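Here's the structure we're looking at; comments come further down.
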Amino acid sequence: MMFNTAYEADLTVRITGVLKNFKKSDTSIRFTAVPVYKSSHLVSSKIDHYTINAADSISPDPNEGEIWEIKGEASWEQTKSYDGNYFIKKHHVNVDTAKIILSQNPVGFKYFIADTPHFKGVGPKVAENLWKKFKGETYNILKNAELSKLLTVDGIGKASAESLITGYKKFSYLKYSTFFTKHEIPVEIQKRIFKFKGVADGSLIQSENGGIKFDPNPVNLINENPYSLSTFGMPFHKNDRIAKKHFDVKDDDPRRLTAAVTECLTKHAKKGHTITHHKQLASPLRELLRYNEPLVVKALSQAYDKRAFIIYPDSGVYQFTPTYIMENVVAKRLLKLNSQGEIYNEAEDTACVSAFQTAKYPLGTQQKEAVMTSISYAVSCITGGAGTGKTTVLNSVLHAYSSLNYQIKAVALSGRAAQRMHQSIKRETSTIAKFLREDPIDEVCEQKYLLVIDESSMLDLPTFYRIVIHIDPNVRILFVGDPNQLPPIGAGNILSDIVKSKVIPNTELDIVKRQGASTGIPEYSKLINEGVVPPKLTTGSITFHEAEFDYVEDVCVELYKQDPENSRVVAATNKLVQKINVLCQKELNPKGKQLIYDKDGEKLYDQIYENDPVLFTQNNYDAHVQNGSLGKLISADKKDGHFGVVKMDDFEKTEDEFVSLTSSLLLSLNPGYCITLHKAQGSQFPKVIVALSSGDNLDRAWLYTAVTRAEIELHIVGPKAKIISAIRNVSNASKRQTNLVNLLQEK
6 MMFNTAYEAD LTVRITGVLK NFKKSDTSIR FTAVPVYKSS HLVSSKIDHY TINAADSISP
66 DPNEGEIWEI KGEASWEQTK SYDGNYFIKK HHVNVDTAKI ILSQNPVGFK YFIADTPHFK
126 GVGPKVAENL WKKFKGETYN ILKNAELSKL LTVDGIGKAS AESLITGYKK FSYLKYSTFF
186 TKHEIPVEIQ KRIFKFKGVA DGSLIQSENG GIKFDPNPVN LINENPYSLS TFGMPFHKND
246 RIAKKHFDVK DDDPRRLTAA VTECLTKHAK KGHTITHHKQ LASPLRELLR YNEPLVVKAL
306 SQAYDKRAFI IYPDSGVYQF TPTYIMENVV AKRLLKLNSQ GEIYNEAEDT ACVSAFQTAK
366 YPLGTQQKEA VMTSISYAVS CITGGAGTGK TTVLNSVLHA YSSLNYQIKA VALSGRAAQR
426 MHQSIKRETS TIAKFLREDP IDEVCEQKYL LVIDESSMLD LPTFYRIVIH IDPNVRILFV
486 GDPNQLPPIG AGNILSDIVK SKVIPNTELD IVKRQGASTG IPEYSKLINE GVVPPKLTTG
546 SITFHEAEFD YVEDVCVELY KQDPENSRVV AATNKLVQKI NVLCQKELNP KGKQLIYDKD
606 GEKLYDQIYE NDPVLFTQNN YDAHVQNGSL GKLISADKKD GHFGVVKMDD FEKTEDEFVS
666 LTSSLLLSLN PGYCITLHKA QGSQFPKVIV ALSSGDNLDR AWLYTAVTRA EIELHIVGPK
726 AKIISAIRNV SNASKRQTNL VNLLQEK
């Protein structure tokens, strides 16, 4: 092997692959490439291979198949080819400037269309025909979305034409790329800006009274207020550096001060709150503005004038304007539905009687009351703990609504929760995200609708606000869930607030019906929920294993080994999840074949092995894979462009039992011996092993939710003092500061 000293690189390359960063702290963009001629874009050397490192602000984000001009510091090493027959040069380039090139010749255009992932279903022959007919005018046709012209080309149907137009949208933003790169705006922020409606045309939007104006051109927007980057997710300290370095913003600039207040309000909302007190806002603001008290006072005054927040004078409570708007819209919708009052006539009675007669299991008095209440009111709740028969009641409710000719939409927040609901109610279900991508339910006239939201304890304010504005005001809403479980990740606590208000009809099921009641788990979980330490921590099918925190993972692994097919470990932190997964792999699967992402000579090793249980962390509807889906990696062999095969748990006849791992699926795959409780929420397992940890997030609601994941056998591992403190201490969820209860109770 021979290594050469650094040199100045000035080259044109075609990207062959974009590399994944395994460290979250690494924000650079890395990709592999081969050199091409500037004029024809044909490969100029078969022995030179490039790995290119660039800042995260190069624009747009690189993709396989694209042509780029690269300048920067480089070095190279000579090594044997993979087959050992000749030598190749591996170049490493640190980018100074990078620019994407749209080819102006037929060969380059063909590769651009056929090789990049943006133009699905469009092959090289179609690309050749397109260039042959329109030549350099092709880009303008794509930019202007001239569908009729595209359809005149041989081989282009409507689907291909739409794919070309949709794929090219990314490149219509190239006129902004120099600005973004020069001002060090990261690609992730650029993507969010590009998604914002209206960026492409740069037109001016102005209110009728002239009071509000907005220019969707991102250059104008950012020049006018550099801190507008924070609205697209950039943290204040990074935004502040860019504003001061590139836009000469001073410390007392009103735009900066308003952005600082908004940052503090946003961070408070990320803790789950929708309202705040003065001290909770002023303290972090002082820290952000380096304890400059005059600036803090000026910032609060400036932000109030700009309507960044509102103040409730009677209580001294502050509310971030976005959460103020959302809570008020949600409250008005719920109150409007509730104002219809009780409607229970002959038709409703007939529907309920039919539902009771066809129920799989006989319904008790409390369960029948839940069905009748849900039928009688336009908005209502069915709540209760594990084993109280919520699913049985829901099936009867849906039977009754079907008898009344309602169109039923059933949704849940997580993919796995939606999948489990589908298996329980035998009706079409979807995630909330998928439901919100569908056409809105508007202008309801003759057709009547019911929206069922299962596992609604996970529903946050922003998500429910999006649901409310997505459906007609006459669509009925039924919430199903357990308000004592883990609260939503986002701001707000919708189900809990509705129940607390006592304004919306709610039937709480508290009589355990499930056959598994003999395990003692329902009674145990009920005591935890009430803040009562069970008289015996070990009882029935529940075993408490006292262990110091340093030994929790070891005990969990030993318990898992006793019954691997039916066991699942749940933990509160990703760090503990990772530790337990690594130990389980070592003990149960020491000789498993490692899963490898192998493409274009780059090998990336994942800490997953053949025969490991696995967890998917993203939805992939084409593969029938949901966020939270579980399975087992039965093959780590690369075949036909796939990298392995997973046998799915709980698959339906309409789904695939075996899923081949594409590159996108591979990136969402984790070991599944141990999972976080958030991923387990909405699911149950025969044997659950609860791993206690020392963090504050392990509270009463967390423990209660973890315990109710077990169907037959429950094991809790950790210090005795920790389980007792978790039970006795009020859960963090109950400390959330929200205003929805007050809004619902105002009449």
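Just so we're aligned, residue 6 is where the sequence shown starts under this note's numbering, counting upward by one. A virtual CB, placed ideally from N, CA and C, is assigned to each residue, including glycine. Bear in mind that the values here come from a model prediction, so they are computed numbers and not experimental data.
1. If you measure between the beta carbons of residue 517 and residue 393, is that distance less than 8 Å?
2. Cβ of residue 691 within 8 Å of Cβ of residue 534?
3. Considering residue 83, what are the terminal residues of the beta strand (DSSP E) in which it resides?
4. In or out: residue 352 buried (at least 16 other Cβ within 10 Å) or exposed?
5. In the structure shown, what three-state DSSP assignment does residue 240 receive?
6. Over what stretch of residues does the beta strand (DSSP E) that includes residue 503 continue unbroken?
7. If residue 728 and residue 542 are in contact, beta carbons under 8 Å, what's the gap, nearest whole angstrom?
8. According to DSSP, is residue 450 part of a helix, a strand, or is it coil?
9. Tell me the DSSP secondary structure of residue 687 in three-state form.
10. Determine, using beta carbons only, whether residue 415 and residue 447 come nearer to each other than 8 Å.
11. Residues in its own chain within less than 7 Å of residue 682 by CB, not counting five upstream and five downstream?
12. For residue 311 and residue 267, what's the separation of their Cα atoms in angstroms?
13. Identify, in the order they occur along the chain, each residue of the same chain with its Cβ nearer than 7 Å to the Cβ of residue 128, setting aside the five sequence neighbours on each side.
14. Once the 5 residues before and after residue 615 are set aside, which same chain residues still bring their CB inside 6 Å of it?
15. If you draw a straight line from the C-alpha of residue 764 to the C-alpha of residue 101, how long is it?
16. For residue 144, which residues from the same chain have a beta carbon less than 7 Å from its beta carbon, with the 5 sequence-adjacent residues on both sides left out?
17. Specify whether the stretch 111 to 118 and the stretch 151 to 158 touch according to this definition: at least 3 beta carbon pairs, one from each stretch, less than 8 Å apart.
18. Looking only at DSSP bridge pairs, what is residue 125 linked to?
19. Going by beta carbon distance, what residues of the same chain come within less than 6 Å of residue 356, once the five residues before and after it are set aside?
20. Can you tell me the Cβ-Cβ gap for residue 293 and residue 265, rounded? I've got them flagged as a contact below 8 Å.
21. How close, in whole Å, do the beta carbons of residue 514 and residue 375 come, if the pair is a contact with beta carbons under 8 Å?
22. If we count the other Cβ atoms within 10 Å of its Cβ and call it buried at 16 or more, is residue 520 buried or exposed?
23. In whole angstroms, give me the CA-to-CA distance for residue 42 and residue 122.
24. How about residue 379 and residue 509: do their beta carbons lie closer than 8 Å?
25. Which residues in the same chain have their Cβ closer than 7 Å to the Cβ of residue 839, if we skip the five residues on either side of it in sequence?
26. Taking the C-alpha atoms as reference points, what is the distance between residue 77 and residue 231?
27. Taking just the CA atoms, how far does residue 587 sit from residue 648?
28. Buried or exposed: residue 663, going by 16 or more other Cβ atoms within 10 Å of its Cβ?
29. Along the chain, where does the beta strand (DSSP E) that runs through residue 288 open and close?
30. Return the first residue and the last residue of the beta strand (DSSP E) that residue 675 is part of.
31. So residue 279 and residue 495 are supposed to be a Cβ contact under 8 Å. How far apart are they, rounded?
32. Which full runs of the beta strand (DSSP E) of 3+ residues lie inside the stretch 699 to 747, going along the chain?
33. Between residue 678 and residue 573, what straight-line distance do the alpha-carbon atoms span, to the nearest angstrom?
34. Could you tell me the alpha carbon to alpha carbon distance between residue 364 and residue 741, rounded to whole angstroms?
35. How would you call residue 568, buried or exposed, if buried means at least 16 neighbouring beta carbons within 10 angstroms?
36. Measure from the alpha carbon of residue 457 to the alpha carbon of each residue in 403, 507, 463, then state which is nearest.
Put simply:
1. yes
2. no
3. 72 to 85
4. exposed
5. coil
6. Run containing residue 503: none in the beta strand (DSSP E); it sits in the alpha helix (DSSP H), 499 to 506.
7. 7 Å
8. coil
9. coil
10. no
11. 491, 575, 577, 707, 710, 711
12. 11 Å
13. 119
14. 597, 598, 638, 641
15. In the structure as shown, the chain begins at 6 and stops at 752. Residue 764 is therefore absent and cannot be evaluated.
16. 107
17. no
18. Note: residue 125 sits in no beta bridge, so no partner.
19. 405, 408, 409
20. 5 Å
21. 6 Å
22. Its pLDDT being 45, under 50, residue 520 is placed unreliably by the model, and nothing is read from it.
23. 22 Å
24. no
25. Here the chain covers residues 6 to 752 and nothing more, so residue 839 does not appear.
26. 28 Å
27. 21 Å
28. exposed
29. Here residue 288 belongs to no beta strand (DSSP E); instead the alpha helix (DSSP H) covers 283 to 293.
30. 674 to 676
31. Contact doesn't hold; Cβ gap of about 10 Å is too wide.
32. 715 to 723
33. 6 Å
34. 38 Å
35. exposed
36. 403
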